[in-house]
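Undergrad: Supplied in structure tokens, the structure appears directly below.
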Amino acid sequence: MFDFQAQENEDLIQNRIALLERMVSKFGDKLNFENPLNMSFDENLDSYYPLIKELKTFFGFNFFLNLWGTDTEAEGQTCLQVQLLNMDTHQRLVIKFMVPEGQVVPSLTNLWKGCFWCEQETWDMLGVEFSEIPKERIFSPDGMEGFPLRKDFRPKPFQLKSSKYEFTPDPRVDREIWKQRTVLEKDFFLGEVNGPVKAILECDEDKVARGRLEVGFLHRGIEKIAEGLEARQILVHLGRINMNCSSFYEQVFCDGVEAHLDIDIPERAKALRMVINEIERIFEHLDTLGRVCDNLGCKPFLFECLEMREGLTQILKEYSGRRMPHQIIILGGVFKDTPKGWITDCLRVLEIVQKKTIEISRMISKSTLWMDRLCDYELDSNQALSWGVTGPNLRASGVNYDLRKVNPHYFYDDIDFEIPLGINGQCYDRYLVRVEEIFQSISIINQLLDNLPLGSHLSKDARIYIPFKEDVYKESEALIAHHKLIKEGVQLPIGEFYNSIESPNGELGVHLLCNNSSRPLRFKLRTPSYYSGQCFSDVIEGGEPDEVPLVISSLNISIGEVDR
Amino acid sequence: MILEKKLYKRSNRILNLLKVLNKLIPTYWSLFISRGVKSKNKEAVLGAPVLTTKEDGKLACTSCFLCQDICPSHCISIEGNPHEEEAEPLEFDVNILRCTFCGLCEVACPVDAIRMDGKMPGALHSEMNLIWDKEYLMTYSGVHQSKIGEDRPLLPY
């Protein structure tokens, strides 16, 4: 029989080799192959825009992943980094540019719309100017002096300024008609949507002509906080970015640090991490489903979803002893082996969840009312790719891209599961994809728990392992190791790494720059909701002002993720 | 896998009635029998920090400052005794407004002097009540004895 999978893999490898050969012949020795999937090279700022345009058009780097800056030791110089993705060969590329103080960098918003917030944030945090980008504080308060992510920043008292966003004239309509439009401002809090956010809408009679989200009400500055903390302390803050899927944040960081230190964790820990992650994925999707039901006025289904979520919370609490940020995943594995009888409890709860989700989806999926309200607010695949949207929102518009299949980590290679795809990216497709993903996750957990590997749940590598309390009380060696790890922290060798994972909302990445100490020099997160929050302005066009919370909850824009 | 998407499928009225009944009966039934899952393992639940005492009633803390160093939200502040080594601290304050109940201080303590066994704080009138001092931490949730060398439930990290 013809093996399609093997043929596909062979094609992929050949495509990648062809791309690498073309890259090497063009850029020569500049390329840095330290990590084969994440190439990087340095380039002069003069060729910033033409180079990136060439990479997009001729080398197939058609997906924009991230853009961020780092304050360097050289005076008045900022290192600007752009990360791109080639979706055919799954090749990631980081390009670094040195930007002197006061130089204006050309904006990339003509190539990808999703750069807009990234560039605005880079100005807000590091003071790098971009052409065509308004100088507005996106996260820090208006009226503040200085740029927080610079190393010489010291906070000073300042007077808060109140600024109001004003739309520029719409080029698509006459100026006289544009002047008759009204501007609506709507505030939302936890409940309707997932966090505090303000929507500014320009209304033409009763339809929305243009709209945008104003964020920054939940900004905690995790990237700045992380620069003064060591790995174990960063984990505590990471779990609190998005409470619904905290384990993904912990895992992406732990996994990256372990790979950077060359530590191989036991197989049982890998399987348990996957189980916890998939439980959290169901948890987040149920949250979205419940919120969509709530915004459409179907309260009974909201309560059903909350009841299912409560069951999942209880099994996580039984495992770890706490409800929301449960902190099960730690450096080197999971902190505890499964308690007695936990696996049967877990399977029982999942059975209930499956039964109830089938019940709900049978009742509402084909209902006329449900379709009337949800078959709207379209995000087609071109728009989604341009905004940098990933995850279920991208898959709902028909693009088959899932990191669990594309770049499988742990045991995702050996497990049977399918990737649900939508057709045209309406709210209804997003709903269908999320419901199907719940069933797929349940099947993944069932397969994992049936074949859970035996062995230890924690790697006992001396660089990250804190000895058990009983050993600390009795043995002097363990006591010394304990003191050293707690006083100094986990030592991170020089270098930088990027690690990514498929979180329930899309690609979640962490970028860490280390300098032979326990504290990182720069910590950067690529959160999925940051990009789906930007595409809101495209989706809401032509809609009704009342349905803003429906659109936000259907795209699952988690404000905690956006603001960080 | 491309999902099936049918628009406006006509459905049977009798089937719809059966569907409603199928939903209603279990809903009323569940008023009497709860279908939720309840946790059995209640020992492992973490609470607010408490300070433990030795057998003679003194503090077990030896002011080694490990918990102050590891705290990710900087909520512990200790003032040691400069005249004696390994003596109990002069002051030990926990700012419960900053505390995230992560349990790292308990992991860091080498003599089992701080533990996450206390009652969770409820609503209070003033902010000052939430910066807890040494005496309050020792007594607010009953007296806890330090158990060096005994088996305790494992904590994160």
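Sequence lines, in order, name chains P and A. Following the numbering used here, the numbering of the first sequence begins with 642 at its first residue and continues without gaps. Following the numbering used here, the numbering of the second sequence begins with 1013 at its first residue and continues without gaps. Backbone N, C-alpha and C fix where the C-beta goes; we use that ideal spot for every residue, glycine too.
Taking only the alpha-carbon atoms, compute the straight-line gap between Q995/P and F1080/P and give it to the nearest angstrom.
TA: In the first sequence, counting from the first residue as 1, residue 995/P sits at position 354. In the first sequence, counting from the first residue as 1, residue 1080/P sits at position 439. C-alpha separation (whole angstroms): 7 Å.
Undergrad: Between P741/P and the ligand FMN, is the CB less than 7 Å from at least one heavy atom?
TA: Of the ligands one can find in the structure shown there are none, so the ligand FMN has no counterpart to examine.
Undergrad: Would you kindly report the start and end of the unbroken beta strand (DSSP E) that includes L726/P?
TA: Working through the first sequence from its first residue, we reach residue 726/P at position 85. 718-727 is the extent of the beta strand (DSSP E) around L726/P.
Undergrad: Quick one: list the residues of chain P neighbouring P1084/A, beta-carbon separation under 7 Å, in chain order.
TA: Within the second sequence, residue 1084/A is the residue found at index 72, counting from 1. Within chain P, the residues near P1084/A are L870, Q874, V877, H878.
Undergrad: Under the rule that 16 or more other beta-carbon atoms within 10 Å means buried, what is E736/P, buried or exposed?
TA: Taking the first residue of the first sequence as 1, we reach residue 736/P at position 95. It is worth fixing the name first, because residue 736/P is Ile in this sequence and not Glu. When all chains shown are included, I736/P counts as buried.
Undergrad: Go to T711/P, then tell me how far its beta strand (DSSP E) extends in each direction, as first and last residue.
TA: Indexing the first sequence from 1 puts residue 711/P at position 70. Looking at the DSSP string, the run of the beta strand (DSSP E) that includes T711/P is 704-712.
Undergrad: Apply the 10 Å Cβ neighbour rule to P1168/A and answer buried if 16 or more other Cβ atoms are within range, or exposed otherwise.
TA: Walking along the second sequence from the start, residue 1168/A turns up at place 156. Residue confidence is low: P1168/A scores 49 on pLDDT, short of 50, so the model does not pin down where it sits. Its coordinate-derived value is still stated next. By the 10 Å Cβ count, P1168/A comes out buried.
Undergrad: For N1157/P versus I1135/P, is the C-beta distance shorter than 8 Å?
TA: For the purposes of this step, residue 1157/P is identified with residue 516 of the first sequence, where counting begins at 1. For the purposes of this step, residue 1135/P is identified with residue 494 of the first sequence, where counting begins at 1. Closer than 8 Å, so yes.
Undergrad: Would you please state the rounded distance, in angstroms, between the beta carbons of V916/P and I1086/P? I believe it to be under 8 Å.
TA: Along the first sequence, one-based indexing puts residue 916/P at 275. Along the first sequence, one-based indexing puts residue 1086/P at 445. Contact holds; Cβ gap of about 6 Å.
Undergrad: Does the beta carbon of P1061/A come closer than 8 Å to any beta carbon on chain P?
TA: Counting from one through the second sequence, the residue named residue 1061/A turns up at place 49. P1061/A does not count as touching chain P.
Undergrad: Identify the contact partners of I1127/P in chain A, using a Cβ-Cβ distance below 7 Å as the criterion.
TA: To locate residue 1127/P, count along the first sequence from 1; it is residue 486. Near I1127/P (Cβ distances below 7 Å), the residues of chain A are L1078, D1081, I1082, A1120.
Undergrad: Locate the beta strand (DSSP E) running through V1062/A, then write down its first and last residues.
TA: As a position in the second sequence, residue 1062/A is number 50, starting the count at 1. Residues 1060-1063.
Undergrad: Would you verify that the beta carbon of C1111/A is, or is not, closer than 8 Å to some beta carbon of chain P?
TA: On the second sequence, position 99 is the one that residue 1111/A refers to. For C1111/A, the answer is no, since every Cβ of chain P falls outside 8 Å of its Cβ.
Undergrad: Quick test of your reading: F757/P and W764/P, contact by CB under 8 Å. State the CB separation rounded to the nearest angstrom.
TA: Against the first sequence, residue 757/P aligns to sequence position 116. Against the first sequence, residue 764/P aligns to sequence position 123. About 11 Å separates the two Cβ atoms, so there is no contact after all.
Undergrad: Counting only runs that start and end within the stretch 1096-1158 of chain P, where is the beta strand (DSSP E) found for 3 or more residues in a row?
TA: Counting whole runs of 3 or more residues, the stretch 1096-1158 of chain P contains the beta strand (DSSP E) stretches 1136-1144, 1147-1155.
Undergrad: Taking its Cβ as the centre, do 16 or more other Cβ atoms sit within 10 Å of Y806/P, making it buried, or is it exposed?
TA: To locate residue 806/P, count along the first sequence from 1; it is residue 165. So Y806/P counts as exposed.
Undergrad: Using the beta-carbon of each residue, which ones in chain P are nearer than 8 Å to L1116/A?
TA: Here residue 1116/A refers to the residue found at position 104 of the second sequence. Neighbours of L1116/A on chain P, chain order: R873, Q874, V877.
Undergrad: If we call anything under 8 Å between Cβ atoms a contact, is V838/P one with F808/P?
TA: Sequence index remark: in the first sequence, residue 838/P carries index 197 (1-based). Sequence index remark: in the first sequence, residue 808/P carries index 167 (1-based). It is not a contact, given that the beta carbons lie outside the stated cut-off.
Undergrad: Whole-angstrom Cβ separation of F924/P and L879/P, contact assumed at under 8 Å?
TA: Looking up residue 924/P in the first sequence gives position 283. Looking up residue 879/P in the first sequence gives position 238. Wrong, their Cβ atoms sit about 17 Å apart, outside the cutoff.
Undergrad: Pull up the distance between the alpha-carbon of S1051/A and that of K1066/A, whole angstroms please.
TA: As a working mapping, residue 1051/A is identified with position 39 in the second sequence. As a working mapping, residue 1066/A is identified with position 54 in the second sequence. Only weak support exists for where S1051/A lies, its pLDDT of 48 falling under 50; the coordinates are left without a value.
Undergrad: By Cβ distance, which residues of its chain are closer than 8 Å to S1153/A, with the 5 residues on each side in sequence left out?
TA: If you number the second sequence from 1, residue 1153/A lands on position 141. So the list reads G1059, A1060, V1062, D1129, G1130, K1131, once near-sequence residues are dropped.
Undergrad: Of all the options I1060/P, E833/P, G962/P, which has the alpha carbon lying nearest to the alpha carbon of D1187/P?
TA: Numbered from its first residue, the first sequence carries residue 1187/P at position 546. Among I1060/P, E833/P, G962/P, the Cα nearest to that of D1187/P is on E833/P.
Undergrad: In whole angstroms, what is the alpha-carbon distance linking R989/P and C886/P?
TA: Counting from 1 along the first sequence, the entry for residue 989/P is found at position 348. Counting from 1 along the first sequence, the entry for residue 886/P is found at position 245. R989/P and C886/P: Cα-Cα distance of roughly 21 Å.
Undergrad: For S1051/A and chain P, any beta-carbon pair shorter than 8 Å?
TA: For the purposes of this step, residue 1051/A is taken as the residue at position 39 of the second sequence. Note on S1051/A: pLDDT 48, under 50, position unreliable in the model; the coordinate value appears next. Answer yes: the Cβ-Cβ gap between S1051/A and chain P drops below 8 Å somewhere.
Undergrad: Can you list, in chain order, the residues of the stretch 1109-1120 of chain P whose Cβ is nearer than 9 Å to any Cβ on chain A?
TA: Against chain A - using a Cβ distance shorter than 9 Å - the residues of the stretch 1109-1120 of chain P are F1109, K1110, E1111, V1113, Y1114, K1115, L1120.
Undergrad: According to the neighbour-count rule (16 or more other Cβ atoms, all chains shown, within 10 Å of its Cβ), is K1146/A buried or exposed?
TA: Counting from 1 along the second sequence, the entry for residue 1146/A is found at position 134. When all chains shown are included, K1146/A counts as buried.
Undergrad: Please go through the same chain and pick out, in chain order, the residues whose beta-carbon is closer than 7 Å to the beta-carbon of E1059/P, but skip the five residues on each side of it.
TA: Counted from its first residue, the first sequence places residue 1059/P at position 418. So the list reads Q1081, once near-sequence residues are dropped.
Undergrad: For my contact list, D845/P and R813/P are in at a C-beta cut-off of 8 Å; report their separation, rounded to the angstrom.
TA: Here residue 845/P is taken as the residue at index 204 of the first sequence, counted from 1. Here residue 813/P is taken as the residue at index 172 of the first sequence, counted from 1. The pair is not a contact, with the Cβ atoms about 11 Å apart (cut-off 8 Å).
Undergrad: Out of L1036/A, L1029/A, I1143/A, which has the shortest C-alpha to C-alpha gap to L1109/A?
TA: Mapped onto the second sequence, residue 1109/A falls at position 97. The option with the nearest alpha carbon to L1109/A is I1143/A.
Undergrad: What is the DSSP secondary structure of F829/P, counted as helix, strand or coil?
TA: Numbered from 1 along the first sequence, position 188 holds the residue referred to as residue 829/P. DSSP places F829/P in strand when its eight states are reduced to three.
Undergrad: Got a sec: is the Cβ-Cβ distance from Q1024/P to anything in chain C below 8 Å?
TA: The structure shown contains no chain C; the protein chains it does contain are P and A.
Undergrad: Between H901/P and chain A, is there a C-beta pair that is closer than 8 Å?
TA: As a first step, residue 901/P must be located in the first sequence, where it is residue number 260. Cβ-Cβ to chain A under 8 Å: no for H901/P.
Undergrad: For M1004/P, go through chain A and note every residue whose CB falls closer than 8 Å to its CB, in chain order.
TA: Residue numbering aside, residue 1004/P sits at position 363 when the first sequence is read from its first letter. Going along chain A in sequence order, the residues near M1004/P (Cβ under 8 Å) are K1031, K1035.
Undergrad: Got a sec: is the Cβ-Cβ distance from Q1132/P to anything in chain A below 8 Å?
TA: In the first sequence, the residue the question calls residue 1132/P occupies position 491. No - not a single Cβ of chain A is within 8 Å of the one on Q1132/P.
Undergrad: Apart from the five residues on each side of it in sequence, which residues of its chain come closer than 7 Å, Cβ to Cβ, to P966/P?
TA: Against the first sequence, residue 966/P aligns to sequence position 325. Closer than 7 Å at Cβ, skipping near neighbours: G880, R881, M884, S887.
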